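Below you'll find the structure, written out as structure tokens, and then a few comments.
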């Protein structure tokens, strides 16, 4: 249900009589109340026809509207071998086909509403169109002549409102009724669709919801008649097209149609069957074409007619296959066109992204990389004898070092060349700029541990702590003597 506050009719099959359907009405959340009754005749009383009437639930003799529809007949196509096997006098039974349109008869005032189908096409679903006159009741008058003669107008000159039941999708069982415009004198004035009613098919029941907010825009005088038309058209379309009933035309156990009925069904084509007000179909009146039907019943001409029908069916089948093939090609063409359009759009977006990336790279990326890449490299570290040592200090003088200062004398003790302590023993005490670091002899004959030689120093300290003896005197550090005092 769309909304419980909207007027809604629920179709439920009667538990007492399966041929009856009760229509329950709800409005603004009220309890369902029985409003209408759909009566179908027994299959034995209505062979080869689809019929039912809409009655009042309280006064069963009040008939609002009815429908009587006869099927179209199609002779199955057989090959020449099958025809020879069955014999010339044994024809296969005709098959009942649902006609394209139908007519609903309304009473008090009398009115006939013709419903025409609009088959689905590419991108569009099935639809059924019908027209309702704007004015259905006679204008009150004091003249007895007008009352007796009536004020009937030419049907083509009566303004009518166009409606259309449209299937929600090609596989859906739900429909929506729209008001699509007006028709005057055969000229249709299309207008934007206005929702009037909605049909929803459930598993065990169906319902029709009247969209009340838009009913004020519908210019139809007979609102009760419009309501009845909406209910009947929804039920008929459901029985014949959306959810087809099993054997809707009651052909099981019915007598086979006569050749005249089959020919009449072919001659009608897709035009709706005219139904009289009394509910009986118009009889087939034999006319000038009766002489042309006699050869068809002749046994000698039956194989020829069957072959002609077979050729016609084959031709119709080829046309249908060609039309379906054209539809498939059109679908493939549209699909390829959409794919090409999407590919071009992706390429365009990628080109924009590449252009923006290139612009940002030219503006920011290259300069930042150059600044990061211009960092000066560090000088190589010298490799000492046993480990890392601090970098040498360049001296001034003849070597032209970058740091000039007073000459520091070395510590007392044997030099590398075996000379004595002091500044003058064993040559020049100044080291060049790239001279190797001082060795252990330059620290008074004792190896001074560097900053990365903690392992050996720690081991020596521990051994001296636990083993105080003769070696303790040897391991004492000699006092450094200055050359100035």
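In UniProt numbering, the protein residues as written are 1 to 485. Beta carbons are placed, not taken as given, at the ideal position from N, Cα and C, and that holds for glycine. Note that this is a predicted model, so its numbers are computed, not measured.
Taken in chain order, the unbroken stretches of alpha helix (DSSP H) that lie wholly in the segment 143-193 and span 4 residues or more are 144-149. Using a Cβ distance threshold of 9 Å, residue 182 and residue 160 count as a contacting pair.
In summary, residue 44 is exposed, with fewer than 16 beta-carbon neighbours lying within 10 Å of its beta-carbon over all protein chains present. In the displayed model, residue 118 falls within a strand according to three-state DSSP. At the C-beta level, residue 135 and residue 158 come within 9 Å of one another. Distance check between residue 238 and each of 174, 348 and 52 places 174 closest, using alpha-carbon atoms only. Collapsing the DSSP output to three states places residue 137 in coil. Apart from sequence neighbours up to five positions away, the residues of its chain that approach residue 13 with a beta-carbon distance below 6 Å are 21, ordered along the chain. C-alpha of residue 35 to C-alpha of residue 220: approximately 22 Å in a straight line.
For residue 24, the closest alpha carbon among the candidates 15, 18, 17 and 37 is that of 37. Residue state for residue 318 is assigned as helix, using DSSP reduced to three classes. Straight through space, the alpha carbons of residue 52 and residue 233 are spaced by roughly 12 Å.
Collapsing the DSSP output to three states places residue 12 in a strand.
Under a 10 Å Cβ-count criterion, residue 204 is classified as exposed, with fewer than 16 other Cβ atoms of the shown protein chains found around its own Cβ. Beta-carbon to beta-carbon, residue 106 and residue 228 are separated by about 6 Å, close enough to satisfy the 8 Å threshold. The three-state secondary structure of residue 113, taken from DSSP, is strand. Take the alpha-carbon of residue 26 and the one of residue 209: they are about 10 Å apart. For the options 111, 117 and 93, the alpha carbon positioned closest to that of residue 101 is the one of 117. A straight line joining the alpha-carbon of residue 312 with that of residue 66 spans about 36 Å. Where residue 57 is concerned, there is no enclosing beta strand (DSSP E), because DSSP gives it neither an H nor an E. For the pair residue 132 and residue 163, the CB atoms are nearer than the 9 Å cut-off. Just so you know, the alpha carbons of residue 199 and residue 85 end up roughly 50 Å apart. In this chain, residue 227 is not harboured by any beta strand (DSSP E); it is covered by the alpha helix (DSSP H) spanning 223-237.
By the neighbour-count definition (other C-beta atoms within 10 Å, threshold 16), residue 126 is a buried residue.
For residue 250, the closest C-alpha among the options 214, 71 and 325 is that of 71. Partner residues in a beta bridge of residue 335, as assigned by DSSP, do not exist.
Secondary structure at residue 36: strand, using DSSP grouped into helix, strand and coil. Spatial neighbours of residue 112 in its own chain (CB-CB distance under 6 Å, excluding positions within 5 residues in sequence) are listed in chain order as 103 and 105.
In this structure, the CA atom of residue 8 is about 13 Å from the CA atom of residue 213.
One alpha carbon belongs to residue 338, the other to residue 332, and they sit about 10 Å apart. With respect to residue 61, residue 206 sits apart: the two C-beta atoms are not nearer than 9 Å. With contacts defined as CB atoms closer than 9 Å, residue 48 and residue 81 fail to qualify as a contacting pair.
Within its own chain, the residues whose Cβ lies closer than 6 Å to the Cβ of residue 189, once the five positions on either side in sequence are excluded, are 181 and 182, listed in chain order. Classified as buried, residue 176 has 16 or more neighbouring CB atoms from the shown chains inside 10 Å of its CB. Within the same chain, and ignoring the five residues on either side of residue 46 in sequence, the residues whose Cβ sits closer than 6 Å to its Cβ are 250.
With contacts defined as CB atoms closer than 9 Å, residue 322 and residue 75 fail to qualify as a contacting pair.
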